[in-house]
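Data first, discussion second: the structure below is written as structure tokens.
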Amino acid sequence: SGSETYPGLLGYHLALYAAPVSDGKMPMESKTWLLQTEPLAEWNTVKKIDYQGMFPKSVLHYQAPGMPVDVTLEAWSPWIPGDIEATSHPGAYFTLRVRNKTRKTYRIGLLFIGRNLSGDWCVGRTNRIEEDPSSVHLRFLNVHCAKDDPRGGELRFSFEKKDWQVTYLESWNAVTKNFHFNPKEVRLSALEIFSREGRLPDSSRAYVALGENHELCGAVAAFGLVHPGRTADWSFQAAGHYANRPLGHRY
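Going by the working numbering, 150 is the number at position 155 of the sequence shown; the sequence numbering is gapless.
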């Protein structure tokens, strides 16, 4: 949930990197946008987001002057009439879609940043990257939760590799000033790295939060070429298991 100072969930962000493929005659400049309208430090943001609701699916259309691609986010969760169990699974599916609306081929990067909120207390939170031939998985855990902690459990994001070079930054501390966590002082290390070339360094540190001044974030990015008039999709899923919730691990 948001706050008076920031209406979104600080530490959860999407971003776009775009750079035209050079013709060898002149340098080509890249640009990065946060896919949100709310200002965050000095980063470029989109100017408008159109929302299209089609229960159980929603589509967000991001708009910004000078953006060379159309960008949409499609989100949905399982909903099967009459099947309460299947409909109650704590998961959601997302697809970021980009369409090149120019006459140039573009190097495109897509970035997901998430914040580990497992456990009622930040001490013990840790992120884990796991990889298989088809996907990269980012897990948010807490290894020091009390047994009855209602927020004790795991949130896992799984990102498809299909047609993309997928890279990651497993964890970093987003706090820049002890006991302060706000839009003006948040550290977005992954965004800083991503804005240079649209990729991340494939870094895994197995870092564990040891104090209240630690807010762990993790990130995964996709990079590829998108040719004129072509469309490219990057899909990922989120699923959680919190056994101490009043209704078990379902909503």
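Glycine residues also receive a C-beta, built at the ideal position from the N, C-alpha and C atoms. All of these numbers come straight from a predicted model, not from anything done at the bench.
| Query | Result |
| --- | --- |
| Starting from residue 108, follow its DSSP beta bridges and name the residues at the other end. | 8 and 214 |
| I'd like to know if the region 147 to 158 and the region 118 to 135 are in contact, where contact means that at least 3 CB-CB pairs between them fall below 8 Å. | yes |
| Under a Cβ-count criterion, where at least 16 other Cβ atoms within 10 Å of its own Cβ denotes burial, should residue 173 be classed as buried or exposed? | exposed |
| Using 8 Å as the cut-off, can you tell me whether the region 187 to 200 makes contact with the region 134 to 144, which would need three or more C-beta pairs spanning the two stretches below that distance? | no |
| What runs of the beta strand (DSSP E), each 3 residues or longer, lie entirely inside the region 55 to 123? | 64 to 71, 86 to 95 and 101 to 110 |
| To the nearest angstrom, report how far apart residue 81 and residue 15 are at their CA atoms. | 44 Å |
| Taking only the alpha-carbon atoms, compute the straight-line gap between residue 238 and residue 146 and give it to the nearest angstrom. | 9 Å |
| Use the C-beta contact count for residue 31: other C-beta atoms within 10 angstroms, 16 or more gives buried, fewer gives exposed. | buried |
| Do residue 38 and residue 11 come within 8 Å of each other at the CB atom, strictly closer than that value? | no |
| Could you pull out every residue in the same chain whose Cβ sits closer than 7 Å to the Cβ of residue 246, ignoring the five residues on either side in sequence? | The predicted position of residue 246 is uncertain, since its pLDDT is 42 and thus under 50; a value taken from the coordinates is nonetheless stated next. Here the set comprises 83 and 85. |
| When you compare the CB positions of residue 218 and residue 162, do they come within less than 8 Å of one another, or not? | yes |
| Taking the C-alpha atoms as reference points, what is the distance between residue 96 and residue 141? | 52 Å |
| Could you pull out every residue in the same chain whose Cβ sits closer than 7 Å to the Cβ of residue 200, ignoring the five residues on either side in sequence? | 165 and 166 |
| Report yes if the CB atom of residue 124 is closer than 8 Å to the CB atom of residue 6, and no otherwise. | no |
| On the CB-based measure, 16 or more other CB atoms within 10 Å of its CB, does residue 75 come out buried or exposed? | exposed |
| What are the boundary residues of the alpha helix (DSSP H) that includes residue 191? | 184 to 192 |
| Return helix, strand or coil for residue 16, following the three-state DSSP convention. | coil |
| Report buried or exposed for residue 243, applying the criterion of at least 16 other Cβ atoms within 10 angstroms of its Cβ. | Low per-residue confidence applies at residue 243: pLDDT is 46, beneath 50, and the placement is therefore not dependable, though the value from the model is reported in the following sentence. Exposed, since its Cβ has fewer than 16 Cβ neighbours within 10 Å. |
| From the DSSP output, which residues share a beta bridge with residue 49? | 52 |
| Would you kindly work out how many angstroms separate the C-alpha atoms of residue 63 and residue 18, rounded to a whole number? | 17 Å |
| Going by DSSP, which residues form a beta bridge with residue 40? | 29 |
| Roughly how many angstroms separate the alpha carbons of residue 148 and residue 235, rounded to a whole number? | 8 Å |
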